[in-house]
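2 protein chains.
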Amino acid sequence: MKITKPTLLLDAEKCKTNIQQMAAKARKHNLVFRPHFKTHQSLEIGRWFREAGVQKITVSSVSMADYFSQEWEDITIAFPVNVLEIDTINRLASKIRLNLLVESLESLAFLAEKLTHHVGFFIKIDTGAHRTGIQPNNIKLLEKLASFADTLPNLEWCGFLAHSGHTYSCRDRACVDKIHRESLQLLSGLKNHFKDRYPHIVNSLGDTPACSLCDKFVGVDEIRPGNFVFYDLTQAAIGACETPQIALAMACPVVALHPEREEVIVYGGGVHFSKDRLQTQHHGVIYGRVVEKTANGWGAVLPDVYVKNLSQEHGVVHMSKKYIDQINIGDLLYVLPVHACMTADVMKTYRTIGETDIKMMR
Amino acid sequence: MKITKPTLLLDAEKCKTNIQQMAAKARKHNLVFRPHFKTHQSLEIGRWFREAGVQKITVSSVSMADYFSQEWEDITIAFPVNVLEIDTINRLASKIRLNLLVESLESLAFLAEKLTHHVGFFIKIDTGAHRTGIQPNNIKLLEKLASFADTLPNLEWCGFLAHSGHTYSCRDRACVDKIHRESLQLLSGLKNHFKDRYPHIVNSLGDTPACSLCDKFVGVDEIRPGNFVFYDLTQAAIGACETPQIALAMACPVVALHPEREEVIVYGGGVHFSKDRLQTQHHGVIYGRVVEKTANGWGAVLPDVYVKNLSQEHGVVHMSKKYIDQINIGDLLYVLPVHACMTADVMKTYRTIGETDIKMMR
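Which chain is which? The protein sequence lines are A and S, in order. So in my numbering, spot 346 of the first sequence is number 563, and the numbers just go up one at a time. So in my numbering, spot 278 of the second sequence is number 495, and the numbers just go up one at a time.
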């Protein structure tokens, strides 16, 4: 099937290797591996996880839980419960094991009143990312939530859940290690505080940088990384992967050559990549990097060749005259994305190197 | 139909007023109004343009031309021709009047060889945005393209087309006016140079800031604004609209309250808004502003309330305690988007205030 417009290529071998490596790491550390499926949003890719032994998953919306409930029976929605979707939550809870995320008494009270079936819930802890979650020193509120849950037959408190998203601002392993150690310490402290009364509770942690780079998971029972399934340039900048591990590349048709300003214009813009950006040391803000095409996919990143701007359909690629001289209008450039999750979300379909189309949820 | 998750609301009255005002302006200046449909991407909204007298449209991709060819018979694809889509181009050219955009001899030579039906083409001129287009002083190349086209029975040269996208960096009318005057001058000069030999050629210009703000269109025959159909916070920052003209708002469920850091977390993230950002004077980079809800839609922007960050599904809204005290989990916040085109593109459906769903192309 000839590529004629921006097409998101998936190197299935790289992807499966990424999955197997993370699954092996979880086994080694005796952790439940509950991967986050918000990155790929695909039943078919989900099956590759099943082949690696995965039985429980994480998603970021009720809609996504609904989609994956076609094939998965144990799903955590790692997003503060959206009470407006109670009808779907009840429907899902009637057929699968569903875990919700709670960070306030208000939400728990709402669930107490409206739930018609049994669900588990995690208490969201803010380990320092300051996006959502309860401060770990707010023991009073945590105690209240736990005691309240004791009285609720439909609600089972599973433990604490955190996402140390502040690792995304790291640019080396030491930084990720430091944040991860702090998160472990905070979560361990909480579990120790509650474990006599609630011996079954678990700690769930998981961001791709820490799960990729760190070697200590003491006090954690479950990890939930997601992005590692594909990795991307942001993960490479953090140091969480090497660029050859990145399993996605966008094939973009060349539509104009501007050697006078060392630029090539491709068909491939914000509606294909989304608009996440990466601040780099040498090239300022970039939106992608171009890789060498090979017989079976793609190879190394071309030095000093990067997407410097995106508009709705246009990508502006910086490229020296040396490279531009080898390019013709109608050629395809392969571009590694800055943020795989967002790029996959807008594209909705992957084309494997073997030319099979893999669909995502819509 | 109750809103339970992020939903893109469309105020149809505002939208129709925006359409009528731009149509009236085009009539007043004796310009062909060929609106850009990349913003709304909807057959149904397209019909509102038809009611305002529009007969010719602009799109930004072959796919979009294909979609709109269901109801429109004169379409310009204002994007450098993607030669890889020649089969679709030929199919479309067999049934509608299709205009392509050319900025190189290579592309024209390709079309000369592969076209099976008659098309029009514009030569893309770079009036200063430096994204695509031929420099207006490169008369030698323009002459070559025109002469080459003379020999091609399937290709009809229609004139020059420019998009002065550098108006988007303006923050007042004087700046937009200056860029627009320069563009008019460049395009007029080119037309004058060629008009004796090519009396039929036209100049097509059109960005929403200039078409909204400017009052002189001397030398231009056709305008192609797109964003004005909805407007957005970027256009308001440029001065191209007032915020009450903005016809789109995202309804986002509140999922968490963090008064201690003056933040509210909504369900509504990068997968709903896309990730375009707006640099503001007082609040740094923002991703949206919250408006007052009213019985029939929404009212004024709430002062000092704005989306300060987006992740995949989360929106982080800055809001003073005064406002947070009035909000409950499960409420909906209405958020004006930074970039309407990108937000519409990811959402794919509009819900009118009257609760009708309007679909877009997929």
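We treat Cβ as the ideally placed atom computed from N, Cα and C, and that holds for glycine. Values in this document were obtained by computation on a predicted structure and should not be read as measured data.
Query                                                                                                                         : Result
Within chain A, partners of E479 (chain S) - CB distance below 8 Å                                                            : Correct list: empty, because the minimum Cβ distance to chain A is about 12 Å.
Nearest neighbour of F447 (chain A), chosen from A:T305, A:P223, A:K233 [CA to CA]                                            : A:K233
Inter-stretch contact (C-beta, 8 Å, three-pair minimum) for the stretch 439–446 of chain S and the stretch 235–250 of chain S : yes
Residue burial classification, N409 (chain S) (beta-carbon count within 10 angstroms, cutoff 16)                              : exposed
CB contact below 8 Å: C392 (chain A) versus chain S                                                                           : no
Proximal residues of chain A, C-beta to C-beta of F296 (chain S) below 8 Å                                                    : V472, Y484, E530, H531
Proximal residues, the stretch 322–355 of chain A versus chain S, C-beta separation under 8 Å                                 : E323, S324, F327, H347, R348, T349
Contact under 8 Å by Cβ, L553 (chain A) with V522 (chain A)                                                                   : no
Nearest-angstrom beta carbon gap, K219 (chain A) and Y484 (chain A) [assumed within contact, 8 Å]                             : Rounded, the Cβ-Cβ distance is 14 Å, inconsistent with contact.
Beta-bridge partners of C469 (chain A), as assigned by DSSP                                                                   : A:L550
Contact list for M559 (chain A) against chain S, beta-carbon separation under 8 Å                                             : G487, V488, K492, Q529
Chain-ordered residues of the stretch 295–317 of chain A with a beta carbon less than 9 Å from chain S                        : F296, P297, V298, N299, V300, L301, E302, I303, D304, T305
Residue of S:N354, S:R264, S:I546, S:G516 minimising C-alpha distance to C469 (chain S)                                       : S:I546
Spatially closest choice to I418 (chain A) from A:H347, A:L403, A:L378, by CA coordinates                                     : A:L378
Chain S contact for I418 (chain A) (CB, 8 Å cutoff)                                                                           : no
Members of the stretch 221–248 of chain S near chain A, C-beta cut-off 7 Å                                                    : T221, K222
Interface flag, G547 (chain A) vs chain S, CB-CB below 8 Å                                                                    : yes
Cross-chain neighbours of V563 (chain A) in chain S, by beta carbon under 9 Å                                                 : V488, S491, D562, V563
S174 (chain A) at chain S interface by Cβ criterion, 8 Å                                                                      : Residue 174 (chain A) lies beyond the stretch modelled for chain A, which goes from 218 to 579, so this question has no answer here.
Sheet register partners of A379 (chain S) (DSSP bridge)                                                                       : S:I342
G382 (chain A) and A346 (chain A) closer than 8 Å at C-beta                                                                   : yes
Inter-residue CB distance, L482 (chain S) and T349 (chain A) (contact presumed, cutoff 8 Å)                                   : Looking at the sequence shown, residue 482 (chain S) is not Leu but Ile. Contact holds; Cβ gap of about 5 Å.
L332 (chain A) - DSSP class collapsed to helix/strand/coil                                                                    : coil
Within-8 Å CB hit, E320 (chain A) to chain S                                                                                  : yes
For G456 (chain S), the nearest candidate out of S:F339, S:V488, S:V393 (CA to CA)                                            : S:V393
8 Å Cβ cutoff met for Q452 (chain A) and P426 (chain A)                                                                       : yes
Chain S within 8 Å of K255 (chain A), Cβ atoms only                                                                           : yes
Neighbouring residues, chain S, relative to S280 (chain A) (Cβ below 8 Å)                                                     : K222
Continuous alpha helix (DSSP H) stretch holding V300 (chain S): start and end                                                 : Segment: none, V300 (chain S) is in no alpha helix (DSSP H) and carries neither H nor E.
Residues near H397 (chain A) in its chain [Cβ-Cβ closer than 6 Å; skip 5 each side]                                           : A427, C431
Alpha carbon of D283 (chain S) to alpha carbon of D304 (chain S), nearest angstrom                                            : 12 Å
Burial state of G501 (chain A) (16 or more Cβ within 10 Å)                                                                    : exposed
Residue from A:E479, A:K331, A:A243 whose Cα sits closest to the Cα of F434 (chain A)                                         : A:A243
Candidates S:A363, S:I356, S:E323, S:T333: closest to F339 (chain S) by CA position                                           : S:A363
Assigned exposure category for G514 (chain S) - 16 Cβ within 10 Å defines buried                                              : buried
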